[in-house]
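Residue numbering for the sequence shown is 168 to 868, as defined by the working numbering.
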Amino acid sequence: MVLEYISRTVLSSFLLMNLFVFCSFDWNNLLRSYQRSFNGFAAKLTEVEARRLAGMDGVVSVFTSKKNKLHTTRSWDFMAFPQDVERSDLESDIIMGVLDTGIWPESASFNDRGFGPPPAKWKGICQSSENFTCNNKVIGAKAYNLDGRYDASPRDTMGHGSHTASTAAGNSVVGASLYNLGSGTARGGVPGARIAAYKICATSYCFDQDILAAFDDAIADGVDLISISVGFPLPRPFFQDSISIGSFHAMKNGILTSTSAGNTGPEQNSVCNFWPWSLTVAASTIDRKFVTALHLGNNATFEGVSINTFSPWNEPRDLIYAGDAPNTQKGFDTKLSRYCVIPDSLDSALVKDKIVFCDVINGGEAQLMAGAAGTVVQDRGLRDVALNFPLPASSLNVEDGAEVLSYLNSASKPTAMFGKTVTLADEEAPKVLSVSSRGPNPLTPDILKPDLTAPGVNILAAWSEAAPLSGVEGDRRQWPFNIASGTSMSCPHAAGAAAYVKSFHPTWSPAAIKSALMTTAFPMNVASSEDAEFGFGSGHINPSKAICPGLVYDAGVADYIRFLCGQNYNTSTLRLITGDNSSCSESNRDSVWDLNYPSFSLSTASPGTKVTRSFHRIVTNVGSAVSTYEAAVCGPSELKITVEPLVLKFDSLGQKSSFVLTVEASLNSSMLSGSLVWDDGVHQVRTPIVAHPFSHPVNDA
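In structure tokens:
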């Protein structure tokens, strides 16, 4: 009996052969066959059909297609990456693949003035229509809608895709701003590069089958890098996650995938997109913030954070507490209305044309629907992000919020009004965003994640003029640029930086580019960034320095295969994943500690004990042909670090040298961190060292 139709994705190199014996399968339910870059298909199956397929020889995995969540005038300058930075002649040959909500091709960030025809390596298409065309900047665009839920046009109607694409590779646009906020030159990391947009999301959710289809096409189309600011909020095994599968095959084809770490921090173990073959990017602040003052009728003023682009009022408005205005006709009471988080929870007759005070931060939809003139929200933690509300607003901390509420309850006629949003310097930057997802890695805790951090707070970039600025339906403001925050914004910064390195070193592997970014990152202030390396990884990205890192920790398909063998994959499963004759044997089952990764992480499930681990690494000389590097280690007394040998000598470029780093840690309940630096007097190749308690990881082998 058919229980229900659910979307399933199956990956197998022998899938077509084996399906000939699966006679009961209705081929009308096939959604997509992935055959360009990896083998598999997406189809609507019953639970029984899915179980039968999962038990067949040659099937790697069968998993439900789940919903993945969508996760810079000043930011590049803040990273010491000015407009006049050295550029490679090959930058115009770089193709940035952006998997997101599509693109707004009319944006000045995507104008093709001065661009020649697309590079000859480009094999993709432009899914053009009456109202959508590509050009020599946006050379490709395609939308995915395998189960027919949405309009399958590559045009961005949400804004997110245009924002990320322009952050990574948008043109330099002078005089960009959001209603004069954040004014300056908006630009991507590689303004001379081309963009291929793959629309995998038509709402804030992005389905696995569409993500896999986009990876399949992007790899075959000839992109050089992939940026995807999307992720699933809960950890999934390597080959039951569409982004892991897609980025693995991208790596096999020489393409680095930049992924967002997620926005479910500051809880530990919340990082997503944690596989070793992609770059996982956390979000951090830049040296500016936006504040909006709230002026009360008793002349008290409070400094809140928000982006208020609305025209100032001539006089104050009445102030009302949301808990005093429940929409009882819809079944709401004070306990729910006070939060303003549910549409229709507020009584419009009570709040219309008033400022509504809400007990938690929210998007402002309920207040807008009820006809409020403005809103004040309070929040205990989210103080580092200025949100763009659909109506005049200011977000206060709970201490200031308590004073406002006290005034509201004591005044006979409480009133308030908002000041104009102003830009202030943020002297604590860079600091990891409060909601940026944290490590340790939930699947393989001995691989440090996130890898690094990049600007992800109050970033101004291109926006779709069909999308509301706040993302709330009913917000009628339209503007070619918008200010947004999150790891969705930091991910394309790292992708742009990776493309910059790629333009100087077109033959470097994804791992070499990733290593260059990680080992040259600015060290972060541990005291000012909660959770230290679990928040910022190797540090804050430094694109200018990354083009000449001195040494790189390189890795290729064979290295990741040995890693997977060490994770107890067997030969038959491995071959289905890789599509070649790879095999697992006792001789190539590398431990996770021997993956040639540019960081060192040691975990133990037994806090209070002493644990020792040795890490084998190989570095490749990409700096000076003749050079000598000396090792320098630092760390707390509880972390004993030794390196053998202490000196690495090179006689030529491309020469490799190996070393062993041994860590002896006395672990209690908290993380210990240190670092190793290889220094030749010119290059300082820095890698973090982390030891931490952790329960046994999940394994999907």
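Glycine included, each C-beta is placed from N, C-alpha and C at the ideal position.
Return the residue from the list the options that minimises the CA-CA distance to residue i.
i      : options                           : result
His330 : Ala651, Arg241, Arg218 and Ser427 : Ala651
Leu549 : Ala537, Val571 and Val602         : Val602
Ser242 : Leu575, Ala621 and Phe477         : Ala621
Leu684 : Ala275, Arg605, Lys712 and Trp675 : Lys712
Ile744 : Ile412, Ser451, Lys288 and Leu348 : Ile412
His672 : Gly342, Ala450, Val215 and Glu258 : Glu258
Ala449 : Pro812, Ala353, Lys309 and Gly606 : Gly606
Leu401 : Ser577, Asp323 and Gln435         : Gln435
Lys288 : Glu805, Gly790, Asp391 and Gly398 : Asp391
His783 : Ala688, Ser768 and Ile626         : Ser768
Thr468 : Val458, Ala533 and Ile474         : Val458
Ser749 : Ser758, Gly653 and Thr738         : Thr738
Val913 : Thr352, Pro358 and Leu348         : Outside the shown range of the chain (168 to 868) lies residue 913, about which nothing can therefore be said.
Thr324 : Pro647, Gln822, Val800 and Gly429 : Pro647
Ile785 : Asp747, Ser824, Ser445 and Ser396 : Ser824
Lys211 : Ser255, Gly315 and Phe245         : Gly315
Leu741 : Gly398, Ala319, Arg455 and Phe405 : Phe405
Asp454 : Asn338, Glu595 and Gly326         : Glu595
Ser655 : Asn440, Ala516, Glu632 and Gly349 : Asn440
Gly464 : Asp526, Val571 and Phe701         : Val571
Glu532 : Ser794, Gly848 and Arg643         : Arg643
Pro855 : Ile808, Lys816, Leu820 and Ala679 : Ile808
Can you list, in chain order, the residues of its chain with a C-beta nearer than 7 Å to that of residue i? Leave out the 5 residues immediately preceding and following it.
i      : result
Ala417 : Phe382, Ile386, Ile393 and Thr424
Val188 : Bear in mind that a pLDDT of 34 at Val188, under 50, signals an unreliable position, so the model cannot answer this.
With 16 other CB atoms within 10 Å as the buried threshold, where does residue i fall?
i      : result
Trp480 : exposed
Asn298 : exposed
Lys598 : buried
Gln407 : buried
Arg505 : buried
Gln545 : buried
Asp818 : exposed
Ser295 : exposed
Arg853 : buried
Arg361 : buried
Glu640 : exposed
Val252 : exposed
Ile489 : One detail in the question is off: residue 489 reads as Ala in this sequence, not Ile. It is buried - the Cβ of Ala489 has at least 16 other Cβ atoms within 10 Å.
Ser604 : buried
Ser842 : buried
Gln534 : buried
Ala772 : exposed
Thr776 : exposed
Asn608 : buried
Thr674 : exposed
Thr452 : buried
Who are the Cβ neighbours of residue i in its own chain at under 6 Å, not counting the five residues just before and after it?
i      : result
Ala868 : Summary for Ala868: the model assigns pLDDT 45, below 50, so the residue's position carries little reliability; its value from the coordinates is reported in the next sentence. Hits under 6 Å: Gln734, Asn735 and Tyr736.
Pro774 : Leu834, Asn835, Ser836 and Pro860
Leu813 : Ala798
Ala553 : Phe457, Val472, Ser473, Ile474 and Asn625
Pro286 : Asp260
Skipping 5 residues on each side, what residues in its chain have a beta carbon closer than 8 Å to that of residue i?
i      : result
Ala539 : Leu513, Val518, Lys519, Asp520, Lys521, Ile522, Val523 and Leu558
Val759 : Thr611, Asp613, Ile614, Phe730, Gly733 and Gln734
What three-state label does DSSP hand residue i in the structure shown?
i      : result
Met691 : coil
Thr776 : coil
Ala308 : strand
His672 : coil
Ala336 : helix
Gln496 : helix
Trp194 : Because Trp194 carries a pLDDT of 49, less than 50, the predicted location of this residue cannot be relied on, and no value is offered for it.
Asp485 : strand
Asn466 : coil
Ser601 : coil
Glu831 : strand
Lys419 : helix
Gly490 : helix
Lys502 : helix
Ala792 : coil
Ser320 : coil
Within the 9 Å Cβ cut-off, does residue i reach chain C?
i      : result
Gly653 : You won't find chain C in this structure, because it holds only one protein chain.
Quiz item: Quick check: the stretch 483-502 against the stretch 579-586, are there 3 or more CB pairs under 8 Å?
Solution: Yes, the stretch 483-502 touches the stretch 579-586.
Quiz item: Taking contact to mean at least 3 C-beta pairs separated by less than 8 Å, is the stretch 368-382 in contact with the stretch 252-267?
Solution: By the Cβ test, the stretch 368-382 is in contact with the stretch 252-267, since at least three Cβ pairs between them sit closer than 8 Å.
Quiz item: Are the stretch 486-500 and the stretch 622-636 in contact at 8 Å, needing three or more beta carbon pairs?
Solution: With a cut-off of 8 Å, the stretch 622-636 and the stretch 486-500 do not count as touching, because too few Cβ pairs lie within range.
Quiz item: Would you call the stretch 652-667 and the stretch 559-566 touching, i.e. three or more CB-CB distances under 8 Å?
Solution: As far as the Cβ criterion goes, the stretch 652-667 does not touch the stretch 559-566, which means the pair count is below three.
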